[in-house]
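Take a look at the structure below.
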Amino acid sequence: MESSDTQSPMSHSTQPSVVDTANLLPSADDEPLIIVDKLKILTQIVGSGDSVAEATDYAAAPDVKPGAIAKALVEMKYLEHAQYVYHNKGNTPPAIDWDNDHAPPPTSPRPLQTARRRAEALNLLYKTTIATPGHAVWWSKNHRDWLPLLKAFVRIAGAERNASSGVRGLTSVQMADLRTINKALSVATLVLQNADARFRSLADVQKAVLGREGDRLRGMIRGREKRKRGVDDVGDKGGTMKIGGDCGNVPVIGGHWEWAWSIYVFF
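For the working numbering, add 17 to where a residue sits in the sequence shown, where the first one is 1.
Spelled out as structure tokens, the structure:
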């Protein structure tokens, strides 16, 4: 009886893993089957209480950046971190006409505070000193696709403003675990976005487990504010979000950005 050279994703899920255990971190060059297997192994590592960073030989966290950037990086949600790293790879936001691209600033205290934080972030993002709350209001309304990037810079600006000496509450290994999880989830989503739906279904189960572990680690960061819905500058609503650039729409499931894995270009 002839055997088929191909396996369906579902039948593969019951087969022994073909993953090189010395290279467990998902890579952009991996086939969908390999991605699913790697996520399964990483999930098992998390379930056993071991470190995914150690298991992947710290491939996603070769160093821990000091100071404000380190604190902001581990507090960023996936879309923010994705756009921040993608920005560092050369994906620049739209240009601003500082003379004309502005709107009346808010008059209520909380919206005004948000606009001021975003103006501070615009100054960092565009390497200038002339951004005002009015610019932030206009930019937020006209460049919604890029909001995660701006919010990433809000976190950086806030961390710098608070003169944080680092991330309190996480050990260096835990910080590396968080970065490893972020990269594993984002790269997996990148690879599987055009794959067979059955691959994505298999991966979603593992991604949910890893996502919860990432949430747990972020929750351990001391001094991390728990803002009320509607006050948090980061936002927390369902729907879809388009990543800045030509990266497509990303679903936001269950009302949490944590589930909106996107392109995390960190290779």
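The beta-carbon is built from N, C-alpha and C at its ideal position, and this holds for glycine as well.
In the three-state reduction of the DSSP assignment, GLU48 falls in the coil class.
Counting along the chain, no alpha helix (DSSP H) covers LYS106, and no H or E run does either. When the alpha-carbon of LEU187 is set against those of LEU142, LEU202 and MET237, the nearest one is in MET237.
At least 9 Å separates the beta-carbon of ALA87 from that of ALA77. Per DSSP, reduced to three states, the secondary structure at MET93 is coil, with no helix or strand assignment. Taking a cut-off of 8 Å for Cβ pairs, the region 102-110 and the region 158-176 touch, as three or more such pairs fall below it. Rounded to the nearest angstrom, the gap between the Cα atoms of LEU219 and LEU227 is 13 Å.
Considering only GLN61, LEU209, ALA153 and VAL204, the residue with the shortest C-alpha distance to THR131 is ALA153.
In the structure shown, LEU187 falls within a coil segment according to DSSP collapsed to helix, strand and coil. Excluding sequence positions up to five before and after SER68, its CB lies within less than 7 Å of the CB of VAL190 and ASP194, all in the same chain and listed in chain order. For ASP232, the enclosing alpha helix (DSSP H) starts and ends at 214-236.
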